[in-house]
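Below is one structure, written out as structure tokens; the observations come after it.
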Amino acid sequence: MIDYKSIFITGGGSGLGRAIARRFSQGGWFVGLGDIDKDGMAGTGASLPDGTWSSHTLDVREPEQWDRALKDFNEACGGRIDAMANNAGVPLGGALADLTTAEIDRTLAINLGGVIYGARAAYPYLKEAAPGSCLVNTCSAAGIYGQAGMSVYCASKFGVRGITESLDIEWAADGIRVTDVMPSFIDTPLLAQASHAHDNRPIRDRVADAGLEFTPVEDVAETFWRAVNGTKLHNPVGKTAHTLARAARWMPDYIRKRSRELADRGLRPMG
0 MIDYKSIFIT GGGSGLGRAI ARRFSQGGWF VGLGDIDKDG MAGTGASLPD
50 GTWSSHTLDV REPEQWDRAL KDFNEACGGR IDAMANNAGV PLGGALADLT
100 TAEIDRTLAI NLGGVIYGAR AAYPYLKEAA PGSCLVNTCS AAGIYGQAGM
150 SVYCASKFGV RGITESLDIE WAADGIRVTD VMPSFIDTPL LAQASHAHDN
200 RPIRDRVADA GLEFTPVEDV AETFWRAVNG TKLHNPVGKT AHTLARAARW
250 MPDYIRKRSR ELADRGLRPM G
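Here is the structure:
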């Protein structure tokens, strides 16, 4: 019987996935990295102790790749998967009318479809490791209240929130905990990208223009650690996410008014 825990992390080749891998490795867990970027996974692995990680090429949009990656990781970690972080995702901003069909389809396929396929593939392994096993999904402050210039991205993250809430109920009888983490804008290389194909300004610049904070990636990774080892269903991270969560519950009309004011001033974080 193995005396350590294991977690499989999608998007493990960079950014938040890399930070999550480091945090769980520090906690003594065996870490599985899933990503389409082999070099990125190697870079993450180089920052982890030898013999405490494995890498698995994975496009989260492909169900058969999920089945193969988790089967291989289950063998690599000793036959027990205690947690799975559905973390892989892509950003997309801009007015809906400006987005291409390819951009919309790709975002929904990765951010939403990938989470659904991942949860389904991970279920038998998490059930076998229960009670105490956990599925943790990367949601977002964009899954709390919709914003101008973020319609498709918000739709994908509202979907992740719905999946989390549904599976929290559905899998309770199996002893599997389901939770999510809701960060605002994370300080990772993704912010260097343009928000969509017809815009050449980095997302980072638009976030700064809107006066929103950048949440350190280490803070988000620490919240993943607490989410997997805690009891909360939703776990906001950062000032923006906490403010939205409180206001959405107690002052939804204020959020609507404030969001329209920002949009009128052209301060759409990803627009």
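Number 11 in numbering that gives the first Met the number 0 belongs to position 12 of the sequence shown; there are no gaps in the numbering. Positions of the beta carbon are idealized from the N, C-alpha and C atoms, including for glycine.
Three-state secondary structure assigned by DSSP to residue i
| i | result |
| --- | --- |
| T51 | coil |
| T230 | coil |
| L69 | helix |
| G77 | coil |
| G113 | helix |
Rounded straight-line distance, which links the Cα of residue j to that of residue i
| i | j | result |
| --- | --- | --- |
| G229 | A154 | 27 Å |
| D204 | V30 | The predicted position of D204 is uncertain, since its pLDDT is 49 and thus under 50; no value can be drawn from it. |
| F23 | T137 | 16 Å |
| T242 | W170 | 30 Å |
| Y152 | P90 | 7 Å |
| S150 | A94 | 8 Å |
| G44 | T239 | 32 Å |
| A20 | M83 | 11 Å |
| D2 | E127 | 16 Å |
| W28 | T51 | 8 Å |
| G26 | A141 | 29 Å |
Cβ-Cβ distance between residue i and residue j below 8 Å
| i | j | result |
| --- | --- | --- |
| A108 | R160 | no |
| A129 | D66 | no |
| A41 | I143 | no |
| C133 | I175 | yes |
| V219 | A87 | no |
Beta-ladder partner(s) of residue i, from DSSP
| i | result |
| --- | --- |
| P235 | M181 |
| D34 | T56 |
| N136 | N85, D179 |
| T9 | G33 |
Outcome for residue i when other beta-carbon atoms lying within 10 angstroms are tallied against a minimum of 16
| i | result |
| --- | --- |
| T163 | buried |
| I202 | Low local confidence applies: a pLDDT of 48 at I202 is under 50, so the model's placement there is unreliable, and no value is given. |
| P235 | buried |
Short CB-CB distance (under 8 Å) between residue i and chain D
| i | result |
| --- | --- |
| D71 | Absent here is chain D; the protein component of the structure consists of one chain. |
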